[in-house]
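Structure first, then comments.
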Amino acid sequence: MRLRVRYRKLGKVRFTSHRDLARCWERALRRAELPVASTEGFSPRPKVHFGLALSTGHESLGEYLDVDLREPEALAVDTEALPERLTPLLPPGVDVEAVAVIDRSETSLQEAVTSCTWVIEVPGTSPEALAAAVDTTLSATELPVVRERKGKKVADDLRPGILGLTVVGPTPPDAPEQGAVLEAELATQPRSVRPAELLAAFDPPRTEGRVRRTHQWITSDGATREPLSPGAPSPAPAGACAP
Amino acid sequence: MNGLWPQLEPLLAKVAKPARYIGLEDGAQRPDHAPHKVAWLLAYPDTYEIGLPNQGLQILYEILNERPDAVAERTYAPWVDLEELLRARGLPLFSLDTHRPACDFDVIGFNLSAELTYTNLLNMVDLAGVPVRAADRRPEHPLIAAGGHCTYNPEPVADFLDFVVLGDGEEIVAEITEVIGAWKASGRTDGSREHVLRELAHVSGVYVPSMYECSYDGADLVAVTPRHPDVPDRVEKRTVPDLADFPYPKRQLVPLTEVVHDRLNVEVFRGCTRGCRFCQAGMITRPVRERPAEQVRTMVAEGLRRTGYDEVALTSLSTADYSGIEALVGDIVRSTDDGPPVSVSLPSLRVDAFGVGIATQLQRARRTGLTFAPEAGTWRMRQVINKLIREEDLYSAIDAAYANGWRRVKLYFLTGLPTETDDDTLGIAELARNCVELGKAHTKSPSVTVSVGGFVPKPFTPFQWFGQNTVTELRRKINLLRDDTRRNQGVQLKWHDPKATQIEGLASRGDRRLGPVIEEVWRRGGTFQEWSEKFDLELWVEAMAHHGLDLDWYVHRHRSEQEVLPWDHLSAGLHKDFLWQEWRDALAEVGLPDCRWTPCYDCGACTGYSIEHIVASATPPAGGSQGTGQDLSGRSVPVTLLGRAPEPAGSAVGS
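First to last, the protein sequences are chains A and B. Numbering of the first sequence is given in the working numbering, commencing with residue 235 and proceeding in unit increments. Numbering of the second sequence is given in the working numbering, commencing with residue 59 and proceeding in unit increments.
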């Protein structure tokens, strides 16, 4: 049986790396005494499949992972109760919001997710100035960048990966550095556009302040959905910045 | 409250591995500070990854936070990138638990486990906004304290410490808290700092360096004497008589990011009487105090359940010597049978087939590498250091290891030992080659890694009088080994930097005159000296010269019986004449048995404090008394078992 879990990563814990959090998850699943399936072989590993990596320092309202459970023990697991059972076993700031059984034939998270919505604080600018930069960016037909891949410099175009940009307004009063807030939908395929890359392509180039992923999206056959089926509760609306 | 968090938050986005500054570990506490509570900041002068697992710090963290009159938080050395940002913005060192400024605490207590961290100690004190020299501090500044193995010779850092704790900390922190609590209640008025330090000097186990005067005759230290009649001539270490009274840590910290020894650690006994003459830890932590097996089982079971770790280490200086280790290991393995796979490890493995048998029983999955520490390459050399492992022992261990599926073997050795000849040094290569040959019976390409460290004589060991080998001599010996093993496929040689070994030696046995040297190295940016990429010998050499001190005199000179040693006014319980006799016996290649299983030879550690070994059995462990040079297998020998009446054979007693 495969479970898909949606969780948040907010506050101080955002400074843990993707790999750190993966290890926290493995410990939490052991502590929850769930019948997690293991790989075969001399050093068995739990079958936990993590979704798209979240950069160290970024927050998220919508992180996902898949866990395979052994059968028949899995049938005795109360999936409804799992969010409340798992959250106390995870670091403060990591909150499990929904757990649902998914079909084993579903494409893995890393392959299935096609885009993410980000809320990005951009220090040192105003909403008006940022809106002008957004207009320029969106009206460009291409945004050539040079990136390093396996030690080689490769020319690339960011523009196709920018699916939507909206200036939300000024930064909230608790922001460490004042500026404007941008909401961006950025593609993850064929390759990801990172918030920092987007801001570096602005004119003038900008750097990111606090960054929060609010949604991950799967677009297939023209339909867009979130990785957990509609039955599962939806993440909070974008832009609601929790402390 | 979050203290400095809002200011720190934007900095953490700019530094490497920011997870080490956020706290939030499982087991972390968010204590409520209050005017009537003494606030301790427990500090480790190295990075979080090295410092977090420190068990001593974790034990005190829990004991203090359980007290109604104390709170404790933790801090570690910020890496250079964060330090630079903190200094640029005028932000101080902070606690991880509530991100409170370090100077808001009443006492900052450092764990000193390695001499090369001394400059980090100064850096952290300075970053806390506290004058680095104790003499310059005022009542508003926290008290700066230190404990841990290095404090058996705190003289090189005496100028920077208000007080020093010798020995086990479990009981003494309560007494210190009470003294500091009274100081805090009195309002820490002008001049009160001197008063509280005087009071602390009355607590047994506390050494207040400023209450002692050092006198010299030319280069020679003549005496270290108390300045006041009520201050003890000699400060004795503290020893917790029974580990069973302190089942700590009860909630071991589980870090969110990777650290060294990232596993559940359960201390099964403290102290060691094998009597290896180079080993400071074995000498200063006597006597042996075993934790009852029942308590160990409970701590393992509860610890695994609470932390979610899949690995537990049974820690001590020589875990295979724990009474009834086989039964204990069997119990732990069985108790984890029906859950997810758990691996149990012994950080120090006995060099014989018995040790490997236990390791095999424990490590049913992931049999990757086994580590042994024969320490010296020839029987003659091992008699000198009193690590009486016979070659048969080592070979039976190696054979058993390969036969049981291990493919990589690591051997630890010391070079630069007293009386060491080139034959002894080359004996290391010979042993390694023979181990590879043994492995070939079991696997096509056996691999033996030989790790060689330069020997540093330590205070309160029989080798404290020995003049350390020079960098040139150590390098020559390493080159001998390198040339001798070059053509041996299967033998990989690794060695420590002899230059760092030299400075470790300087700080280990130095006196108070090194204070300005350490301060100068720190002021010139010499932090993280225990990190090979940051170590800078030139800084030390120049600072020594600048202060008119002779590195050679401090490190490489043999010391005489009459010489006043910088730590003579401190005591680890060991009689100086016992250590001297051991030094003579070492030179005569005479071994000394393990007193757990033989009559007492009065080293002083028990008799001086009216305590004794707490062991569950007077019978040496199965496989005989390996390492003592005596065959005591299966024979009960006359030692006294203290406290509670012995339980039936095979189970542990406490007292």
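Ideal Cβ placement from N, Cα and C applies to all residues, glycine included.
In the DSSP assignment, L140 (chain B) falls within the unbroken alpha helix (DSSP H) covering 138-146. Contact annotation: A287 (chain A) and V356 (chain A) have beta-carbon atoms that are not nearer than 8 angstroms.
Judged by DSSP secondary structure, W611 (chain B) falls within the alpha helix (DSSP H) whose first and last residues are 609-613. For D288 (chain B), the secondary structure class from DSSP, reduced to helix, strand or coil, is coil. Residue pairing for P357 (chain A): DSSP places it in a beta bridge opposite A:G413.
Closest in alpha carbon position to E596 (chain B), among B:S590, B:V579, B:D608, B:G606, is B:V579.
Where L255 (chain B) is concerned, there is no enclosing beta strand (DSSP E), although the alpha helix (DSSP H) around it starts and stops at 250-259. Annotation: the continuous beta strand (DSSP E) that includes N169 (chain B) extends over 165-169. Neighbourhood of P504 (chain B) in chain A, by CB distance below 8 angstroms: empty, with the nearest CB roughly 19 angstroms away. Listed in chain order, the non-local C-beta contacts of Q441 (chain B) below 6 angstroms within the same chain comprise E647, G649, local neighbours out to five positions each way being set aside. One alpha carbon belongs to E431 (chain A), the other to P461 (chain A), and they sit about 25 angstroms apart. With fewer than three CB-CB distances shorter than 8 angstroms, the segment 260-267 of chain B does not count as touching the segment 153-161 of chain B. Taking the Cβ atoms as the reference, G415 (chain B) lies roughly 19 angstroms from A351 (chain B), outside the contact range of under 8 angstroms. Using a CB distance below 7 angstroms, no part of the segment 136-152 of chain B faces chain A. K246, V247, F249, T250, S251, D254, C258, R261, A262, R264, R265: these are the residues of the segment 239-271 of chain A whose beta carbon lies less than 7 angstroms from some beta carbon of chain B, given in chain order.
Rounded to the nearest angstrom, the gap between the Cα atoms of E233 (chain B) and L99 (chain B) is 17 angstroms. In the three-state DSSP reduction, C350 (chain A) falls in the strand class (E or B).
The beta-bridge partner set that DSSP reports for Q450 (chain A) consists of A:C350. Under DSSP, the beta-bridge partners assigned to F327 (chain B) are B:E348.
In this structure, G548 (chain B) sits near V506 (chain B), with a CB-CB distance shorter than 8 angstroms. Between the alpha carbons of L539 (chain B) and E340 (chain A) lies a gap of roughly 58 angstroms. Residues of the segment 288-300 of chain A with a Cβ closer than 7 angstroms to any Cβ of chain B, in chain order: T290, G291. Using a C-beta cut-off of 8 angstroms, the segment 236-247 of chain B makes no contact with the segment 181-195 of chain B, since fewer than three inter-stretch Cβ pairs fall below that distance. By the Cβ neighbour-count rule, S294 (chain A) is buried, with 16 or more other Cβ atoms within 10 Å of its own.
At a cut-off of 8 angstroms between C-beta atoms, E67 (chain B) counts as an interface residue with respect to chain A. Y176 (chain B) carries a helical assignment under DSSP once its states are collapsed to helix, strand and coil.
Counting the other CB atoms within 10 Å of its CB gives N211 (chain B) a total of 16 or more, which places it among the buried residues.
Taking a C-beta distance under 8 angstroms as the contact criterion, L637 (chain B) and Q522 (chain B) qualify as a contact pair. Per DSSP, L99 (chain B) lies in no alpha helix (DSSP H) segment; the continuous beta strand (DSSP E) that holds it begins and ends at 96-102. Beta-bridge annotation (DSSP): Y470 (chain B) is paired with B:S509. The C-beta of H286 (chain B) has fewer than 16 other C-beta atoms within 10 Å across all chains shown, which makes the residue exposed. Look at I80 (chain B): its C-beta is under 8 angstroms from a C-beta on chain A. Close partners of P325 (chain A) in chain B (Cβ separation under 7 angstroms): L82, L314. Residues of the segment 357-370 of chain B with a C-beta atom less than 8 angstroms from some C-beta of chain A are R363, R364, T365, G366, Y367, D368, listed in chain order.
Note on geometry: alpha-carbon atoms of P126 (chain B) and H253 (chain B) lie some 24 angstroms from one another.
Beta-bridge partners assigned by DSSP to F152 (chain B): B:P159.
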